[in-house]
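Participant: Protein chains in written order, with the working numbering: chain A, 3 to 203; chain B, 3 to 203; chain C, 3 to 203; chain D, 3 to 203.
Glycine included, each C-beta is placed from N, C-alpha and C at the ideal position.
Note that the structure is a prediction, hence the values are computed from the model and not measured.
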DNA sequence: AATGAATGAGTTTTCATTCAT
DNA sequence: GATGAATGAAAACTCATTCAT
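(1) Checking contacts by CB at 9 Å: is residue 187 (chain C) closer than that to chain D?
(2) Please compile the residues from chain D whose C-beta is within a distance smaller than 9 Å of the C-beta of residue 175 (chain C).
(3) In three-state DSSP terms, what is residue 32 (chain C)?
(4) Measuring only between beta-carbons, confirm whether residue 100 (chain D) sits less than 9 Å from chain C.
(5) Helix or strand or just coil, what does DSSP make of residue 156 (chain D)?
(6) Can you tell me where the alpha helix (DSSP H) with residue 38 (chain A) in it begins and where it stops?
(7) Mapping the DSSP letters down to three states, classify residue 95 (chain C) as helix, strand or coil.
(8) Would residue 164 (chain C) be called buried (16 or more neighbouring beta carbons within 10 Å of its own) or exposed?
(9) For residue 1 (chain D), count neighbouring Cβ atoms within 10 angstroms of its own Cβ and tell me buried if that reaches 16, exposed if not.
(10) If I follow the unbroken alpha helix (DSSP H) through residue 173 (chain B), where does it start and stop?
(11) Do residue 180 (chain B) and residue 160 (chain B) have their beta-carbon atoms positioned less than 9 Å apart in this structure?
(12) By the three-class DSSP mapping on this structure, what secondary structure does residue 108 (chain A) have?
(13) Let me check understanding here. Comparing Cα to Cα, which of B:119, B:48, B:112 lies closest to residue 25 (chain B)?
(14) Comparing the C-beta of residue 171 (chain C) with each C-beta of chain D, is any distance below 9 Å?
(15) Candidates C:76, C:3, C:75, C:62: which alpha carbon is nearest residue 41 (chain C)'s?
(16) Would you kindly report the start and end of the unbroken alpha helix (DSSP H) that includes residue 9 (chain C)?
(17) Whole-angstrom Cβ separation of residue 89 (chain C) and residue 167 (chain C), contact assumed at under 8 Å?
(18) Could you check how far apart the C-beta atoms of residue 102 (chain D) and residue 116 (chain D) are, in whole angstroms? I think they sit under 8 Å.
(19) Let's see if you can read the secondary structure: which residues bound the alpha helix (DSSP H) around residue 55 (chain B)?
(20) Would you please state the rounded distance, in angstroms, between the beta carbons of residue 76 (chain B) and residue 139 (chain B)? I believe it to be under 8 Å.
(21) For residue 180 (chain D), which residues in chain C fall below 7 Å Cβ to Cβ?
(22) Whole angstroms is fine: what's the gap from residue 57 (chain A)'s alpha carbon to residue 149 (chain B)'s?
(23) Alpha carbon to alpha carbon, how far is residue 92 (chain C) from residue 157 (chain C)?
(24) In angstroms, rounded to a whole number, what distance separates the CA positions of residue 170 (chain B) and residue 162 (chain B)?
(25) For residue 104 (chain B), would you say it is in contact with chain A, using Cβ-to-Cβ distances shorter than 9 Å as the test?
(26) Mind pulling the chain A residues with CB within less than 8 Å of residue 25 (chain B)?
(27) For residue 130 (chain D) and residue 124 (chain D), I'd like the C-alpha separation in whole angstroms.
(28) Identify, in the order they occur along the chain, each residue of the same chain with its Cβ nearer than 8 Å to the Cβ of residue 22 (chain D), setting aside the five sequence neighbours on each side.
(29) Are the Cβ atoms of residue 8 (chain C) and residue 35 (chain C) separated by less than 9 Å?
(30) Are any of the Cβ atoms in chain A nearer than 9 Å to that of residue 96 (chain B)?
(31) Quick one: list the residues of chain C neighbouring residue 141 (chain D), beta-carbon separation under 7 Å, in chain order.
(32) Straight-line CA distance for residue 60 (chain D) to residue 44 (chain B)?
(33) Note down the Cα distance separating residue 20 (chain A) from residue 13 (chain A), rounded to an integer number of angstroms.
(34) Note down the Cα distance separating residue 205 (chain C) from residue 187 (chain D), rounded to an integer number of angstroms.
(35) For a cutoff of 9 Å on Cβ pairs, would you count residue 16 (chain A) as touching chain B?
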């Protein structure tokens with residue numbers, strides 16, 4: 003079983019270095035210091051070890067959601083904390099997220115994986131939105147799931163553009179803009195500082 | 003030159019049918035009714051003909067922007083029209099958009115192409131946002147370019163999820179949600195009907 | 003006919019630049035400013051235009067022989083003049099000689115051409131050797147043709163090593179060594195200066 | 003490792019049969035009874051296996067030099083033995099020598115190999131010439147290395163013309179002529195029989 | 001005579017996968 | 001479980017040659 007772990011670790015290194023398509027199984031086994039044949043003791047093909055890499059890194063990539071901020075009740079503050087956590091996590095795992103994106107467009111199983119992971123996030127946010135609506139704090143004319151899909155996608159797309167495509171932008175400004183737009187979109191009556199105030203922080 | 007066009011047309015068919023990676027040059031030349039050698043009269047490799055396909059379809063994919071709706075001054079109506087146009091265009095060219103997405107994650111030149119196309123959209127919307135701010139109709143605390151990046155990305159991600167990943171949803175509801183969130187996000191004082199009213203349309 | 007000449011000239015340029023094997027007919031026609039099809043008006047294939055290049059350069063490569071030095075009767079001086087002329091000619095046409103050597107090892111017709119050219123030289127020298135033997139000035143125990151073959155080959159090999167392989171050596175020293183060995187080999191009673199004297203020249 | 007040897011052996015057969023250029027890798031693997039892929043386990047390309055063939059045949063092609071004839075001190079006899087050994091070796095390996103000549107004119111690395119092998123021979127003969135000069139037995143006005151380059155080249159060219167180009171000639175006569183010219187060239191006071199005597203042998 | 005787009009046969013090369021040890 | 005040499009299918013690409021204009 004130590005060999006299996008070595009292979010998964012090696013695969014992550016090689017995938018991050020060469021991308022999914024250019025990664026050769028022989029590179030992975032070389033990196034894991036085992037023979038090519040041994041690969042097949044644990045996996046059937048590249049897709050399978052990729053799935054294993056993703057599985058192994060699942061915990062690193064789970065994003066804390068809005069409801070996980072304890073002892074705070076200001077919706078805007080919770081949203082900000084949630085967005086910040088998401089963006090930081092994305093930044094930390096940018097290489098892996100890029101890989102997930104790349105392989106999603108190649109392998110339907112990975113596409114499914116990405117969708118499933120996305121939905122965790124969407125549903126969590128949908129629950130939070132619904133809660134705010136029920137408490138009269140958010141635009142009641144929005145379908146919570148629909149709105150969550152759009153807003154969650156907004157953040158993940160933004161993170162992709164920023165950390166994978168390097169479309170730039172100061173991190174605090176990203177958090178601020180994402181949060182303000184998110185709050186505005188839900189018509190949350192926030193008391194976020196204005197742009198200039200934020201910049202002076 | 004007729005041959006070149008035949009190749010580009012054939013390539014689009016094959017790429018849409020098999021995806022970029024599985025498309026064989028020999029399939030493309032067969033579809034174009036010419037020999038494999040002829041391919042190299044016009045292109046050097048698969049990347050090059052893919053770029054040609056993208057170039058040829060550029061016009062189909064250019065999305066009308068917010069400012070192009072004539073004779074209407076209700077910002078919400080303009081935004082709705084703009085979003086509807088974008089989503090319809092995306093739906094029409096879903097296969098091609100999927101391809102663009104796939105190849106972007108493989109070929110840096112195509113990644114650059116996608117980015118460039120995205121910026122056309124971002125900048126157009128940024129100008130519209132700035133205009134609304136100056137007229138006192140939109141949240142002045144947002145950086146127009148930043149906000150546009152986020153909101154434009156929101157729409158394109160949403161379109162991708164809907165039309166490429168088939169994440170479902172009634173088209174009119176998509177337009178409604180996107181528009182309402184967009185308006186809300188900018189704090190545009192819209193007079194969009196409520197959700198229920200929309201549904202009854 | 004001007005086109006034909008342009009093709010032959012172009013071929014020489016391309017052959018000397020790229021070598022026989024790497025020269026593409028399309029490079030030759032491009033250099034000659036004519037279309038690929040036109041090539042076949044004048045030649046059937048690469049071998050044929052190569053032969054034409056060689057034919058066109060025949061005069062440049064004809065080496066004056068021993069008997070062509072007028073008004074001098076010192077055999078050693080004649081030999082020296084002959085060797086000098088040969089080596090100078092070889093040096094001038096080194097690229098072409100290299101080409102001839104290369105193609106000889108590929109195309110039997112060119113091998114034949116090289117052999118034929120070599121024999122002109124061998125026979126001329128054989129006659130001169132025989133003449134010296136009859137006048138009692140050279141070793142009578144040598145078969146004139148055999149000796150000429152060996153000695154002529156010696157010079158041409160030497161020239162090849164020096165000017166094609168760049169095996170180095172001061173030109174005057176090459177002439178001196180070749181001449182002295184040639185005279186010695188035929189037991190010509192020469193009065194060539196010693197090595198040191200030569201060097202001081 | 004048995005496979006590697008099989009490939010090298012097969013390559014020699016195919017190269018000698020078809021020449022370097024016409025030899026297909028697939029012919030070599032077929033001759034070696036292995037698959038095309040196996041070729042790449044041991045070699046990267048045709049050049050590399052050619053080098054291996056040459057390396058494998060190095061010992062066959064090493065020519066005994068002048069100093070290796072034991073118990074004889076007649077310089078002319080030593081030279082004769084040396085020339086005979088060289089020519090016999092060349093005759094035995096004519097196909098390989100032809101190949102070496104052909105590839106030398108194509109591949110710079112092989113050109114370098116040929117040069118290096120030639121120098122072994124040149125230097126050995128240069129030492130022998132110097133020794134004879136010091137003992138007062140050879141023309142002191144010759145630079146030993148220069149003279150060796152010329153005379154060594156003479157023999158190898160002669161061997162090439164005879165055994166590769168089949169320029170003919172009785173073997174014993176070749177040895178006689180080469181030896182007599184070599185001795186004459188160095189002004190060695192030989193006591194070789196005259197031409198007629200040799201022929202009667 | 002000149003053109004140059006079209007042709008297509010033919011070889012190299014890669015690398016996931018197998019299996020005897 | 002581990003090994004790693006052997007496998008071989010599959011595709012890209014080149015360029016001499018043709019021929020309708």
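Facilitator: From the atom records:
(1) Under the Cβ distance rule, residue 187 (chain C) counts among the residues neighbouring chain D, one pair being separated by less than 9 Å.
(2) 145, 148
(3) helix
(4) yes
(5) Three-state DSSP puts residue 156 (chain D) in a helix.
(6) Residues 38–44.
(7) In the three-state DSSP reduction, residue 95 (chain C) falls in the coil class, being neither helix nor strand.
(8) buried
(9) Since the first and last residues shown for chain D are 3 and 203, residue 1 (chain D) lies out of range.
(10) 173–188
(11) Yes, Cβ-Cβ distance for residue 160 (chain B) and residue 180 (chain B) is below 9 Å.
(12) coil
(13) B:48
(14) yes
(15) Among C:76, C:3, C:75, C:62, the Cα nearest to that of residue 41 (chain C) is on C:3.
(16) 4–24
(17) At roughly 14 Å, the Cβ-Cβ gap does not stay under 8 Å, so residue 89 (chain C) and residue 167 (chain C) are not in contact.
(18) A Cβ-Cβ distance of about 6 Å is found for the pair residue 102 (chain D) and residue 116 (chain D), placing them in contact under the 8 Å criterion.
(19) 48–58
(20) Residue 76 (chain B) to residue 139 (chain B), Cβ: 10 Å. No contact.
(21) Those are 152, listed as they occur along chain C.
(22) In this model, residue 57 (chain A) and residue 149 (chain B) are separated by some 34 Å (Cα to Cα).
(23) 10 Å
(24) 11 Å
(25) Judged by the 9 Å Cβ criterion, residue 104 (chain B) is in contact with chain A.
(26) The contacting residues do not exist; residue 25 (chain B) stays about 13 Å from chain A at best.
(27) 10 Å
(28) 48, 52, 101, 104, 105, 108
(29) yes
(30) Residue 96 (chain B) does not count as touching chain A.
(31) 186
(32) 49 Å
(33) 10 Å
(34) With chain C covering only 3 through 203, there is no way to say anything about residue 205 (chain C).
(35) no
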